[in-house]
Amino acid sequence: LIVPNIGPSSTWNNIIVRDSLLNNSKITYKPILISQVDYSEDTLDALNFVNGEASLNFIDAKKYPYIKLLAEFEAGDNNTSPELYSLGVDYVGIPELAINYQVVSVEKDTVNQGEDANLQFYVYNVGESRADSFQVKVEVVKQDNSKEKIFETLIDSLGSEKRKKFNITYSTANFNGPRTFSISIDTENKVTELYEDNNFFNIPFYVVGDTTQPSLKLTFDGNDIFDGEYISNQPNIKIELTDPSLVPITDTSSVNIFLNNNYIHYLGNENILNVNYSESNPKVTLNYTPTLEDGEYTLRVFGKDASGNVADSGGIRKSFIVQSDPKLLNVYNYPNPITNDTYFTFKLTQIPDEIKIKVFTIAGRLIKEIELNRTQLNYDLNKIYWDGRDDDGDLIGNGVYLYKVIMDVAGKKQDVTQKLAVVR
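Throughout, the numbering used here is defined as the position within the sequence shown, counted from one, plus 3.
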(Lines of atoms letter the chains of each structure in order from A; the text may use other names.)
(Lines give C-alpha, C1' and ligand atoms only; values in the text may rest on other atoms or scores of the structure.)
Protein backbone atom coordinates (compact mmCIF):
# COMPACT_ATOMS: atom_id res chain seq x y z
CA LEU A 4 0.00 0.00 0.00
CA ILE A 5 1.39 3.40 -0.99
CA VAL A 6 -0.08 6.51 0.60
CA PRO A 7 0.21 9.23 -2.09
CA ASN A 8 1.73 12.69 -1.75
CA ILE A 9 1.64 14.07 1.79
CA GLY A 10 2.51 17.76 2.27
CA PRO A 11 3.75 20.28 1.51
CA SER A 12 5.52 20.55 4.86
CA SER A 13 7.92 22.96 6.49
CA THR A 14 8.61 20.56 9.38
CA TRP A 15 8.04 16.82 9.55
CA ASN A 16 7.07 15.61 13.04
CA ASN A 17 5.91 11.99 13.24
CA ILE A 18 3.67 9.26 11.90
CA ILE A 19 0.91 7.73 14.02
CA VAL A 20 -0.70 4.39 13.19
CA ARG A 21 -3.38 2.19 14.67
CA ASP A 22 -3.08 -1.40 13.52
CA SER A 23 -3.58 -5.00 14.68
CA LEU A 24 -0.66 -7.43 14.33
CA LEU A 25 -1.87 -10.85 15.45
CA ASN A 26 0.03 -14.16 15.27
CA ASN A 27 3.34 -12.57 14.26
CA SER A 28 1.81 -10.68 11.33
CA LYS A 29 3.64 -7.50 10.43
CA ILE A 30 3.28 -4.10 8.70
CA THR A 31 6.45 -2.27 7.72
CA TYR A 32 6.26 1.50 7.06
CA LYS A 33 8.85 3.16 4.81
CA PRO A 34 8.97 6.87 3.90
CA ILE A 35 9.43 7.73 0.23
CA LEU A 36 11.15 11.10 -0.14
CA ILE A 37 10.21 13.32 -3.09
CA SER A 38 12.94 15.75 -4.14
CA GLN A 39 12.04 19.43 -4.31
CA VAL A 40 14.54 19.84 -7.17
CA ASP A 41 13.72 17.11 -9.68
CA TYR A 42 10.81 15.24 -8.05
CA SER A 43 12.87 12.04 -7.91
CA GLU A 44 11.88 9.50 -5.24
CA ASP A 45 14.04 7.78 -2.61
CA THR A 46 12.63 5.00 -0.42
CA LEU A 47 14.11 4.88 3.10
CA ASP A 48 14.47 2.03 5.55
CA ALA A 49 11.57 0.96 7.70
CA LEU A 50 10.58 3.26 10.53
CA ASN A 51 10.95 2.21 14.14
CA PHE A 52 7.64 2.53 16.01
CA VAL A 53 7.16 2.96 19.75
CA ASN A 54 3.59 2.83 21.02
CA GLY A 55 2.24 3.40 17.54
CA GLU A 56 4.42 6.43 16.77
CA ALA A 57 7.56 6.94 14.72
CA SER A 58 9.57 10.14 14.30
CA LEU A 59 9.91 11.84 10.92
CA ASN A 60 11.92 14.84 12.11
CA PHE A 61 15.07 13.51 10.47
CA ILE A 62 13.58 14.41 7.08
CA ASP A 63 14.69 17.83 5.76
CA ALA A 64 11.44 19.51 4.72
CA LYS A 65 13.28 22.15 2.69
CA LYS A 66 14.61 19.41 0.41
CA TYR A 67 11.62 17.12 0.71
CA PRO A 68 8.40 19.11 1.24
CA TYR A 69 6.40 16.09 0.01
CA ILE A 70 6.67 12.42 0.97
CA LYS A 71 4.83 9.21 0.31
CA LEU A 72 4.46 6.26 2.68
CA LEU A 73 4.95 2.63 1.70
CA ALA A 74 3.14 0.14 3.94
CA GLU A 75 4.24 -3.49 3.39
CA PHE A 76 1.90 -6.14 4.82
CA GLU A 77 3.24 -9.56 5.89
CA ALA A 78 0.96 -12.41 6.99
CA GLY A 79 1.67 -14.19 10.27
CA ASP A 80 1.07 -17.69 11.60
CA ASN A 81 -1.84 -19.58 10.10
CA ASN A 82 -1.83 -16.98 7.32
CA THR A 83 -3.19 -14.32 9.68
CA SER A 84 -3.32 -10.92 7.96
CA PRO A 85 -2.38 -7.72 9.77
CA GLU A 86 -5.01 -4.99 9.93
CA LEU A 87 -4.42 -1.25 9.51
CA TYR A 88 -7.13 0.90 11.08
CA SER A 89 -5.69 4.40 10.64
CA LEU A 90 -2.55 6.20 9.60
CA GLY A 91 -1.77 9.86 10.14
CA VAL A 92 1.20 12.13 9.59
CA ASP A 93 1.84 15.11 11.85
CA TYR A 94 3.62 17.99 10.13
CA VAL A 95 3.67 21.77 9.97
CA GLY A 96 2.45 23.21 6.68
CA ILE A 97 4.45 25.62 4.58
CA PRO A 98 4.14 29.41 4.39
CA GLU A 99 1.75 30.90 1.86
CA LEU A 100 2.44 34.49 0.87
CA ALA A 101 -0.53 36.16 -0.75
CA ILE A 102 -1.87 39.42 -2.12
CA ASN A 103 -5.09 40.14 -4.02
CA TYR A 104 -7.62 42.85 -4.86
CA GLN A 105 -9.08 42.84 -1.35
CA VAL A 106 -5.85 44.10 0.23
CA VAL A 107 -4.58 46.47 -2.46
CA SER A 108 -5.92 49.97 -3.03
CA VAL A 109 -4.99 53.32 -4.44
CA GLU A 110 -6.22 56.42 -2.68
CA LYS A 111 -7.51 57.73 -6.02
CA ASP A 112 -7.48 55.79 -9.25
CA THR A 113 -7.33 59.06 -11.20
CA VAL A 114 -5.04 61.87 -10.07
CA ASN A 115 -4.11 65.17 -11.59
CA GLN A 116 -0.60 65.79 -12.78
CA GLY A 117 1.43 67.02 -9.85
CA GLU A 118 -0.56 65.09 -7.25
CA ASP A 119 0.95 62.09 -5.51
CA ALA A 120 -0.39 58.66 -6.40
CA ASN A 121 -0.75 56.81 -3.11
CA LEU A 122 -0.67 53.01 -3.02
CA GLN A 123 -1.55 50.92 0.02
CA PHE A 124 -1.34 47.16 0.28
CA TYR A 125 -0.86 44.29 2.70
CA VAL A 126 1.27 41.18 2.26
CA TYR A 127 -0.28 38.22 4.06
CA ASN A 128 1.17 34.91 5.17
CA VAL A 129 -1.87 32.65 5.22
CA GLY A 130 0.21 29.49 5.60
CA GLU A 131 0.96 27.40 8.67
CA SER A 132 4.58 28.41 9.23
CA ARG A 133 6.80 31.48 9.21
CA ALA A 134 8.10 32.88 5.93
CA ASP A 135 11.72 34.01 6.16
CA SER A 136 13.79 36.40 4.04
CA PHE A 137 11.77 37.39 1.01
CA GLN A 138 11.61 40.52 -1.13
CA VAL A 139 8.70 42.84 -1.81
CA LYS A 140 9.02 45.00 -4.90
CA VAL A 141 6.83 47.67 -6.49
CA GLU A 142 7.29 48.83 -10.06
CA VAL A 143 5.39 51.30 -12.23
CA VAL A 144 4.54 50.00 -15.69
CA LYS A 145 4.52 52.76 -18.30
CA GLN A 146 2.55 53.03 -21.53
CA ASP A 147 5.39 51.45 -23.53
CA ASN A 148 5.50 48.54 -21.02
CA SER A 149 8.86 49.64 -19.65
CA LYS A 150 9.13 49.44 -15.87
CA GLU A 151 10.39 51.81 -13.22
CA LYS A 152 11.26 50.28 -9.85
CA ILE A 153 10.02 52.62 -7.13
CA PHE A 154 10.26 50.41 -4.04
CA GLU A 155 12.07 47.29 -2.89
CA THR A 156 12.62 45.85 0.56
CA LEU A 157 13.70 42.60 2.20
CA ILE A 158 11.30 41.17 4.78
CA ASP A 159 13.25 39.23 7.40
CA SER A 160 10.29 37.25 8.69
CA LEU A 161 6.49 37.11 8.52
CA GLY A 162 4.72 34.77 10.91
CA SER A 163 1.84 32.45 10.18
CA GLU A 164 -1.50 34.28 9.82
CA LYS A 165 0.31 37.63 9.99
CA ARG A 166 0.34 40.56 7.60
CA LYS A 167 2.56 43.54 6.83
CA LYS A 168 1.28 46.89 5.62
CA PHE A 169 2.94 49.06 2.98
CA ASN A 170 2.23 52.66 1.99
CA ILE A 171 3.90 53.89 -1.19
CA THR A 172 3.82 57.48 -2.46
CA TYR A 173 4.68 58.13 -6.10
CA SER A 174 5.13 61.58 -7.63
CA THR A 175 3.33 62.30 -10.91
CA ALA A 176 4.96 65.68 -11.53
CA ASN A 177 6.67 64.71 -14.76
CA PHE A 178 4.15 62.66 -16.71
CA ASN A 179 0.50 61.99 -17.46
CA GLY A 180 -1.55 59.16 -18.90
CA PRO A 181 -2.15 55.57 -17.79
CA ARG A 182 0.21 53.80 -15.41
CA THR A 183 0.06 50.57 -13.42
CA PHE A 184 1.46 49.72 -10.01
CA SER A 185 2.94 46.20 -10.23
CA ILE A 186 3.52 44.47 -6.88
CA SER A 187 5.77 41.38 -6.70
CA ILE A 188 6.48 39.14 -3.72
CA ASP A 189 9.39 36.70 -3.47
CA THR A 190 10.36 36.83 -7.14
CA GLU A 191 13.49 34.81 -6.31
CA ASN A 192 11.35 31.94 -4.96
CA LYS A 193 13.21 31.74 -1.67
CA VAL A 194 10.04 30.72 0.17
CA THR A 195 8.53 27.31 -0.59
CA GLU A 196 4.80 27.79 -1.20
CA LEU A 197 1.88 25.78 -2.48
CA TYR A 198 0.79 28.54 -4.86
CA GLU A 199 2.83 31.32 -6.40
CA ASP A 200 0.27 32.91 -8.71
CA ASN A 201 -1.03 34.93 -5.74
CA ASN A 202 2.37 36.62 -5.28
CA PHE A 203 1.69 39.24 -7.95
CA PHE A 204 -0.90 41.97 -8.33
CA ASN A 205 -1.35 44.91 -10.68
CA ILE A 206 -3.55 47.92 -10.04
CA PRO A 207 -3.93 50.69 -12.64
CA PHE A 208 -4.18 54.43 -12.13
CA TYR A 209 -4.43 57.40 -14.45
CA VAL A 210 -2.70 60.78 -14.38
CA VAL A 211 -4.69 63.57 -15.99
CA GLY A 212 -2.88 66.53 -17.50
CA ASP A 213 -3.60 69.98 -16.12
CA THR A 214 -6.46 70.68 -18.54
CA THR A 215 -9.27 69.19 -16.48
CA GLN A 216 -12.74 70.67 -16.44
CA PRO A 217 -13.99 72.03 -13.13
CA SER A 218 -17.38 70.95 -11.84
CA LEU A 219 -20.35 72.71 -10.28
CA LYS A 220 -22.65 71.50 -7.53
CA LEU A 221 -25.90 73.29 -6.69
CA THR A 222 -28.13 72.58 -3.68
CA PHE A 223 -31.17 74.27 -2.13
CA ASP A 224 -31.21 74.15 1.67
CA GLY A 225 -28.87 71.18 1.45
CA ASN A 226 -30.91 69.26 -1.13
CA ASP A 227 -30.69 68.66 -4.84
CA ILE A 228 -34.02 69.46 -6.49
CA PHE A 229 -35.83 68.50 -9.66
CA ASP A 230 -37.19 71.13 -12.01
CA GLY A 231 -40.60 72.43 -10.95
CA GLU A 232 -40.20 71.76 -7.22
CA TYR A 233 -41.41 74.13 -4.51
CA ILE A 234 -38.71 75.74 -2.37
CA SER A 235 -38.55 78.16 0.54
CA ASN A 236 -38.96 81.87 -0.17
CA GLN A 237 -35.71 82.40 1.77
CA PRO A 238 -33.55 79.54 0.54
CA ASN A 239 -29.87 78.93 1.14
CA ILE A 240 -28.65 78.23 -2.38
CA LYS A 241 -25.20 76.72 -2.11
CA ILE A 242 -22.90 76.67 -5.13
CA GLU A 243 -19.62 74.76 -5.10
CA LEU A 244 -17.00 74.99 -7.83
CA THR A 245 -14.41 72.25 -7.58
CA ASP A 246 -11.28 72.22 -9.71
CA PRO A 247 -9.09 69.11 -9.61
CA SER A 248 -6.03 71.04 -10.83
CA LEU A 249 -3.51 72.48 -8.40
CA VAL A 250 -4.11 76.07 -9.53
CA PRO A 251 -6.02 78.04 -6.85
CA ILE A 252 -9.19 80.01 -7.64
CA THR A 253 -9.34 83.48 -6.09
CA ASP A 254 -11.61 85.51 -8.38
CA THR A 255 -15.37 86.04 -8.04
CA SER A 256 -15.63 85.95 -11.83
CA SER A 257 -15.19 82.18 -11.55
CA VAL A 258 -18.92 81.86 -10.70
CA ASN A 259 -21.69 83.77 -12.50
CA ILE A 260 -25.32 83.63 -11.35
CA PHE A 261 -28.42 84.53 -13.36
CA LEU A 262 -31.90 84.57 -11.81
CA ASN A 263 -34.66 84.80 -14.44
CA ASN A 264 -31.97 85.93 -16.90
CA ASN A 265 -30.87 88.78 -14.60
CA TYR A 266 -27.19 88.77 -13.64
CA ILE A 267 -26.65 88.78 -9.87
CA HIS A 268 -23.80 91.19 -9.17
CA TYR A 269 -21.45 90.57 -6.30
CA LEU A 270 -20.93 94.25 -5.68
CA GLY A 271 -23.79 95.56 -3.60
CA ASN A 272 -25.12 92.09 -2.75
CA GLU A 273 -22.62 91.17 -0.06
CA ASN A 274 -25.48 90.57 2.40
CA ILE A 275 -26.91 87.76 0.27
CA LEU A 276 -23.75 86.51 -1.45
CA ASN A 277 -21.04 84.96 0.71
CA VAL A 278 -17.94 83.61 -1.05
CA ASN A 279 -15.26 81.35 0.45
CA TYR A 280 -12.09 80.14 -1.25
CA SER A 281 -10.02 77.10 -0.36
CA GLU A 282 -6.39 76.99 -1.44
CA SER A 283 -5.59 73.51 -0.18
CA ASN A 284 -8.18 72.06 -2.54
CA PRO A 285 -8.92 74.74 -5.18
CA LYS A 286 -12.56 75.32 -4.62
CA VAL A 287 -15.10 78.15 -4.42
CA THR A 288 -18.07 77.84 -2.07
CA LEU A 289 -20.78 80.44 -2.53
CA ASN A 290 -23.93 80.84 -0.42
CA TYR A 291 -26.70 82.79 -2.13
CA THR A 292 -29.55 83.67 0.27
CA PRO A 293 -32.14 85.81 -1.54
CA THR A 294 -35.66 86.64 -0.36
CA LEU A 295 -38.00 85.61 -3.17
CA GLU A 296 -41.52 86.64 -4.01
CA ASP A 297 -44.13 84.12 -5.10
CA GLY A 298 -43.69 82.91 -8.64
CA GLU A 299 -41.77 80.68 -10.99
CA TYR A 300 -38.00 81.05 -11.26
CA THR A 301 -35.12 79.82 -13.35
CA LEU A 302 -31.61 79.89 -11.88
CA ARG A 303 -28.56 79.44 -14.09
CA VAL A 304 -25.03 79.12 -12.76
CA PHE A 305 -21.82 79.18 -14.82
CA GLY A 306 -18.34 78.41 -13.56
CA LYS A 307 -14.74 78.31 -14.72
CA ASP A 308 -11.37 77.63 -13.14
CA ALA A 309 -8.30 79.85 -13.00
CA SER A 310 -7.12 78.47 -16.35
CA GLY A 311 -10.38 79.37 -18.05
CA ASN A 312 -11.67 75.79 -18.31
CA VAL A 313 -15.47 75.99 -18.28
CA ALA A 314 -17.47 73.87 -15.82
CA ASP A 315 -20.21 71.53 -17.00
CA SER A 316 -20.41 72.93 -20.55
CA GLY A 317 -23.59 75.03 -20.38
CA GLY A 318 -23.54 75.36 -16.61
CA ILE A 319 -26.37 74.30 -14.31
CA ARG A 320 -30.01 75.28 -14.82
CA LYS A 321 -32.76 74.78 -12.23
CA SER A 322 -36.42 75.80 -12.40
CA PHE A 323 -38.45 76.09 -9.20
CA ILE A 324 -41.56 77.62 -7.67
CA VAL A 325 -41.98 79.84 -4.61
CA GLN A 326 -45.41 80.00 -2.99
CA SER A 327 -45.76 81.57 0.43
CA ASP A 328 -49.35 80.33 0.86
CA PRO A 329 -49.10 76.86 2.50
CA LYS A 330 -50.79 74.21 0.37
CA LEU A 331 -51.15 70.46 0.53
CA LEU A 332 -50.96 69.06 -3.00
CA ASN A 333 -50.91 65.79 -4.94
CA VAL A 334 -51.93 63.47 -2.10
CA TYR A 335 -51.58 59.82 -3.12
CA ASN A 336 -50.39 56.52 -1.80
CA TYR A 337 -48.50 53.89 -3.73
CA PRO A 338 -48.71 51.10 -4.32
CA ASN A 339 -52.49 51.11 -4.30
CA PRO A 340 -53.96 48.53 -3.92
CA ILE A 341 -51.42 47.46 -1.32
CA THR A 342 -50.35 44.01 -0.29
CA ASN A 343 -48.49 44.70 2.94
CA ASP A 344 -47.06 48.23 3.01
CA THR A 345 -47.30 51.52 1.14
CA TYR A 346 -46.04 55.11 0.97
CA PHE A 347 -48.20 58.18 1.51
CA THR A 348 -46.94 60.94 -0.79
CA PHE A 349 -47.79 64.60 -0.99
CA LYS A 350 -46.27 67.95 -1.90
CA LEU A 351 -45.90 70.98 0.37
CA THR A 352 -45.45 74.56 -0.78
CA GLN A 353 -44.33 75.51 2.75
CA ILE A 354 -43.27 73.51 5.79
CA PRO A 355 -46.26 73.30 8.19
CA ASP A 356 -46.16 72.92 11.96
CA GLU A 357 -47.53 69.41 11.74
CA ILE A 358 -48.91 66.75 9.40
CA LYS A 359 -51.20 63.96 10.55
CA ILE A 360 -52.16 60.93 8.50
CA LYS A 361 -55.24 59.09 9.73
CA VAL A 362 -56.47 55.78 8.36
CA PHE A 363 -60.13 54.80 8.84
CA THR A 364 -62.29 51.83 8.07
CA ILE A 365 -65.04 52.52 5.56
CA ALA A 366 -67.38 52.73 8.56
CA GLY A 367 -65.31 55.58 9.99
CA ARG A 368 -63.36 53.82 12.77
CA LEU A 369 -59.84 55.22 13.23
CA ILE A 370 -57.30 52.38 13.03
CA LYS A 371 -53.98 54.19 12.47
CA GLU A 372 -52.58 57.65 13.08
CA ILE A 373 -49.16 58.94 11.98
CA GLU A 374 -47.90 62.28 13.31
CA LEU A 375 -45.07 64.25 11.69
CA ASN A 376 -43.52 67.47 12.99
CA ARG A 377 -41.89 70.10 10.80
CA THR A 378 -38.40 68.64 11.24
CA GLN A 379 -39.63 65.46 9.53
CA LEU A 380 -41.06 67.29 6.51
CA ASN A 381 -39.59 68.69 3.30
CA TYR A 382 -40.50 71.33 0.79
CA ASP A 383 -42.19 69.81 -2.25
CA LEU A 384 -42.31 65.98 -2.28
CA ASN A 385 -42.68 63.97 0.92
CA LYS A 386 -42.83 60.16 1.14
CA ILE A 387 -44.12 58.63 4.37
CA TYR A 388 -43.79 54.89 4.86
CA TRP A 389 -46.56 52.81 6.45
CA ASP A 390 -46.14 49.12 7.19
CA GLY A 391 -49.87 48.36 6.78
CA ARG A 392 -50.42 47.70 10.48
CA ASP A 393 -52.97 49.32 12.76
CA ASP A 394 -52.19 51.00 16.08
CA ASP A 395 -52.34 47.59 17.76
CA GLY A 396 -49.58 46.29 15.49
CA ASP A 397 -51.83 43.99 13.45
CA LEU A 398 -51.89 43.85 9.66
CA ILE A 399 -55.14 45.30 8.42
CA GLY A 400 -57.43 43.00 6.48
CA ASN A 401 -58.52 43.02 2.86
CA GLY A 402 -60.90 45.76 1.88
CA VAL A 403 -61.27 49.46 1.16
CA TYR A 404 -60.11 52.10 3.65
CA LEU A 405 -60.11 55.87 3.85
CA TYR A 406 -57.11 57.97 4.81
CA LYS A 407 -56.95 61.65 5.58
CA VAL A 408 -53.81 63.81 5.38
CA ILE A 409 -54.22 66.85 7.65
CA MET A 410 -51.87 69.86 7.52
CA ASP A 411 -51.70 72.29 10.45
CA VAL A 412 -50.16 75.76 9.95
CA ALA A 413 -50.51 78.08 12.95
CA GLY A 414 -53.79 76.45 13.89
CA LYS A 415 -55.20 76.57 10.37
CA LYS A 416 -55.88 73.16 8.94
CA GLN A 417 -56.11 71.75 5.43
CA ASP A 418 -56.92 68.15 4.70
CA VAL A 419 -57.30 65.77 1.79
CA THR A 420 -59.14 62.43 1.96
CA GLN A 421 -58.35 59.51 -0.34
CA LYS A 422 -59.11 55.80 -0.59
CA LEU A 423 -56.78 52.85 -0.44
CA ALA A 424 -57.44 49.16 -0.96
CA VAL A 425 -55.81 46.11 0.58
CA VAL A 426 -55.63 42.99 -1.59
CA ARG A 427 -53.72 39.90 -0.49
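Don't be surprised by glycine CBs; every beta carbon is placed ideally from N, CA and C.
Just so it is clear, the structure is predicted and the values come from calculations on it, not from any experiment.
- Around the beta-carbon of Gln105, fewer than 16 other beta-carbon atoms lie within 10 Å, marking it exposed.
- Under DSSP, Phe363 forms a beta bridge with Leu369, Leu405.
- Contact annotation: the region 113-120 touches the region 246-265, with at least three C-beta pairs closer than 8 Å.
- Taking a cut-off of 8 Å on C-beta distances, the region 289-296 does not touch the region 375-384, as fewer than three cross pairs fall below it.
- Boundaries of the beta strand (DSSP E) around Tyr88: 86-96.
- Straight across, the Cα-Cα distance linking Ile319 with Phe204 is about 42 Å.
- The alpha-carbon separation between Gly396 and Val362 amounts to approximately 14 Å.
- In the displayed model, Arg133 falls within coil according to three-state DSSP, outside both helix and strand.
- Counting C-beta pairs with one atom in each stretch, the region 84-91 and the region 179-190 have fewer than three that are closer than 8 Å, which means they do not touch.
- C-alpha of Glu44 to C-alpha of Tyr67: approximately 10 Å in a straight line.
- Straight across, the Cα-Cα distance linking Tyr404 with Leu369 is about 10 Å.
- Just so you know, the alpha carbons of Glu142 and Ile206 end up roughly 11 Å apart.
- Nearest in C-alpha terms to Tyr94, of all of Ile62, Ala74, Glu77, Thr345, is Ile62.
- A direct Cα-Cα distance of roughly 25 Å separates Asp189 from Asp147.
- In summary, Ile5 is exposed, with fewer than 16 beta-carbon neighbours lying within 10 Å of its beta-carbon over all protein chains present.
- Asp418 carries a strand assignment under DSSP once its states are collapsed to helix, strand and coil.
- Counting only runs that start and end inside the region 292-367, the beta strand (DSSP E) elements of at least 3 residues fall at 298-306, 319-325, 331-337, 345-351, 357-364.
- Taking a C-beta distance under 8 Å as the contact criterion, Val210 and Thr175 qualify as a contact pair.
- Inclusion of Val425 and Ile399 in the CB contact set at 8 Å is warranted, their separation being smaller than that value.
- In the structure shown, Tyr42 falls within a coil segment according to DSSP collapsed to helix, strand and coil.
- The three-state secondary structure of Val109, taken from DSSP, is strand.
- Residues of the same chain with a CB within less than 6 Å of the CB of Thr156, apart from the 5 flanking positions on each side, are Val139 in chain order.
- Counting along the chain, the unbroken beta strand (DSSP E) around Gly180 starts and ends at 180-188.
- Per DSSP, Gln237 lies in no beta strand (DSSP E) and is assigned neither H nor E.
- Under the Cβ criterion (8 Å, minimum of three pairs), the region 272-282 does not count as touching the region 218-228.
- Segment contact: the region 302-316 against the region 254-264, three or more CB-CB distances shorter than 8 Å; contact assigned.
- With respect to Asn385, Val325 sits apart: the two C-beta atoms are not nearer than 8 Å.
- Here the alpha carbons of Asn170 and Asn16 stand approximately 39 Å from one another.
- In terms of Cβ geometry, Ser187 and Asn202 form a close pair [threshold 8 Å].
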